[in-house]
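A short worksheet on the structure shown next.
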Amino acid sequence: MASHVNDERKLSDIFDEGFALFHSINNCDEPTNSHTIQAKVKTAMRLLEDATRLTSIAGVFSTNEAVEEVETENLRLFLLPALLGMLTLKITSNTNRIEIVETSDTYFRDFLQRCNDYGLSKVIIPPPVEIDEEKIANAVNRPHACNFDIMSAARNRATKIQRYKEEKALEEQLKDLSEAVKSPTVDEDTKREYFMKLIKLYVAKAEEELDCLQSEKLILAHMKSVGK
Numbered sequence: 018m019a020s021h022v023n024d025e026r027k028l029s030d031i032f033d034e035g036f037a038l039f040h041s042i043n044n045c046d047e048p049t050n051s052h053t054i055q056a057k058v059k060t061a062m063r064l065l066e067d068a069t070r071l072t073s074i075a076g077v078f079s080t081n082e083a084v085e086e087v088e089t090e091n092l093r094l095f096l097l098p099a100l101l102g103m104l105t106l107k108i109t110s111n112t113n114r115i116e117i118v119e120t121s122d123t124y125f126r127d128f129l130q131r132c133n134d135y136g137l138s139k140v141i142i143p144p145p146v147e148i149d150e151e152k153i154a155n156a157v158n159r160p161h162a163c164n165f166d167i168m169s170a171a172r173n174r175a176t177k178i179q180r181y182k183e184e185k186a187l188e189e190q191l192k193d194l195s196e197a198v199k200s201p202t203v204d205e206d207t208k209r210e211y212f213m214k215l216i217k218l219y220v221a222k223a224e225e226e227l228d229c230l231q232s233e234k235l236i237l238a239h240m241k242s243v244g245k
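The numbers in the sequence shown follow the numbering used here, run straight up by one, and end at 245.
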């Protein structure tokens, strides 16, 4: 039992350290490709990967479980794949952009699927775009391909605007809640509300990132095909 308690405490500490570093990276004005930021990205990823491993070992999540059954302190762990996906996109030392895009894509899909499974979201996760040069070349050369892209972009614009508004509203709510949860006397309901809204914010961010990655996959495949 003591070992279980120690593992939980260690997991919480590791996550908090990684999450704090994640925020430090996002709030820094220094170029992403600077040595300092890249070192922080690697450290943050290592911490969050360790937290992911410990989360799996501890069996924190279960496929037949509802979010109401998840302990408040463990709610933050839902964020792990989303944070790792965003950090992966900040890596500049790896010249294989396709590998970075594919890895991030997997992280965001895992995050959104788990949130859907627990009833935290009802996101329609788009099918993954395969980076197949021949298929992409055929799609680009297909008649009306450009018209389809324009129509699709127009159709998604309203969704993106709504998502942006929701993100901004959540960020404002989280500002107040983040101060409240710092208090040693914060009640369980307030802390739970904070984590639930935090997850909701990252669901919106992950949706946006996933959409962008599907478009980037098409571009990368086309560039690779043209470059042959």
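Glycine included, C-beta positions come from ideal geometry on N, C-alpha and C.
- Taking the Cα of L129 as reference, the smallest distance to any Cα among H40, L65, P98, L194 is reached at P98.
- If the five residues before and after D193 are omitted, its C-beta is found closer than 7 Å to no C-beta atom of its own chain.
- For T69, the closest C-alpha among the options G35, Q55, R180, P144 is that of G35.
- Contact check for E184 against A221 passes: the beta carbons are separated by less than 7 Å.
- Annotation for K214: L187, Q190, L191, L194 place their beta carbon closer than 7 Å to its own, counting only its chain and skipping 5 residues before and after.
- By the C-beta density criterion, I31 is buried, having at least 16 other C-beta atoms within 10 angstroms.
- When secondary structure is reduced to three states using DSSP, G102 falls in the helix class.
- Taking 7 Å as the cut-off, the Cβ atoms of V118 and E225 do not count as close.
- Rounded to whole angstroms, T60 and C45 show a C-alpha spacing of 16 Å.
- In this chain, the alpha helix (DSSP H) harbouring I54 covers 52-75.
- The beta carbon of P145 is closer than 7 Å to those of D122 in its chain, skipping five residues each way along the sequence.
- Exposed is the label assigned to C229, since fewer than 16 other Cβ atoms lie within 10 Å of its Cβ.
- Just measuring C-alpha positions, the residue of N113, V203, L92 sitting nearest C132 is L92.
- Shortest Cα-Cα distance from V140 to any of H52, K217, V58 involves K217.
- In the three-state reduction of the DSSP assignment, S41 falls in the helix class, which pools H, G and I.
- Per DSSP, L94 lies in no alpha helix (DSSP H) segment and is marked neither H nor E.
- Taken atom to atom, the span from the alpha-carbon of S242 to that of E147 is near 13 Å.
- By the criterion of a C-beta distance shorter than 8 Å, I54 is surrounded in its chain by I42, C45, E47, P48, K107, once the five residues flanking it on both sides are discounted.
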